[in-house]
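In this note's numbering, the protein residues as written are -9 to 251.
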């Protein structure tokens, strides 16, 4: 039976837990918000119940700029600052992980997405089944034989598995085409511009009809819709940049140290 590796998208899970209780936050006897800690703990405990992983790591972002900021200075520039009562819980979450002997992996210049993508592909080559715990849709591009996603419920006590069918339901395409769709439609949450006027439905339709972002751009001069044609021609390089920004780097400099997991 194949070994199982679980990779936890640390910040995504912490944020989801925090906002799950935003209307009625959990407060300890000192008046401190503990919602993120509680939800994160619930998530980890659930992982050890069913299914139980052979290897487990939490992967996190750093506060340093990444190579994507060098490509696009405005990358993630519209994101709001982390709430103070969320930031104050992060040291406790790190203490929780240490107490449970779960490593936290991070690397300056790279996002958690890149480390997770790299580790996942390295594990699959060793015939290890990988499950990525995240609510981030960008990870859908990684789904393939041996790699699945688990999307946690807001309470942290249950999960929704996401495979190829889940990607089709979300984007209307197969996992390998997710970055093409996102290149066209952009991603407002990360300030990835895409092509003005191209939303999710149009992006999916174009990729299904033409097969790839480059084929869409090559065919754009022949499109009958004037505004769509003009925008695809004018913002072609912006679409290419957007596709690069949303593409997870699966060759980042991180080692798969199974003994530490």
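C-beta: ideal position from N, C-alpha, C; glycine also.
Shortest alpha-carbon distance to residue i belongs to which of the options?
i: residue 68; options: 93, 183, 206, 251; result: 183
i: residue 246; options: 215, 99, 192, 94; result: 94
i: residue 159; options: 185, 169, 130, -1; result: 130
i: residue 42; options: 162, 227, 24, 119; result: 119
i: residue 15; options: -5, 63, 76, 38; result: 76
i: residue 204; options: 171, 181, 187, 192; result: 171
i: residue 125; options: 72, 33, 167; result: 33
i: residue 151; options: 121, 9, 55, 166; result: 121
i: residue 78; options: 90, 48, 17, 157; result: 17
i: residue 239; options: -8, 132, 54; result: 132
i: residue 85; options: 185, 31, 39; result: 31
i: residue 45; options: 13, -7, 21; result: -7
My understanding is that residue i touches residue j, with C-beta atoms under 8 Å, so please give their C-beta distance in whole angstroms.
i: residue 83; j: residue 114; result: Not really, about 28 Å apart at Cβ, beyond 8 Å.
i: residue 88; j: residue 50; result: Actually they are not in contact, since the Cβ atoms of residue 88 and residue 50 sit about 13 Å apart, beyond 8 Å.
i: residue 188; j: residue 174; result: 5 Å
i: residue 61; j: residue 231; result: 7 Å
i: residue 37; j: residue 11; result: Incorrect: roughly 20 Å between the Cβ atoms, too far for contact.
i: residue 236; j: residue 148; result: No, residue 236 and residue 148 are not in contact; Cβ-Cβ is about 28 Å, not under 8 Å.
Using three-state DSSP, classify residue i as helix, strand or coil.
i: residue 115; result: helix
i: residue 237; result: coil
i: residue 93; result: coil
i: residue 188; result: coil
i: residue 138; result: strand
i: residue 270; result: Any property of residue 270 remains undetermined from this structure, which presents the chain solely from -9 to 251.
i: residue 197; result: helix
i: residue 203; result: helix
i: residue -6; result: strand
i: residue 120; result: strand
i: residue 247; result: coil
i: residue -1; result: strand
i: residue 177; result: strand
Open item on the list: Could you tell me which whole beta strand (DSSP E) segments of length 3 or greater appear in the region 15 to 84?
Closed with: 45 to 49, all fully within the region 15 to 84.
TODO: Tell me, please, whether the region -7 to 5 touches the region 17 to 34 by the rule of three or more beta-carbon pairs shorter than 8 Å.
DONE: The region -7 to 5 vs the region 17 to 34: in contact.
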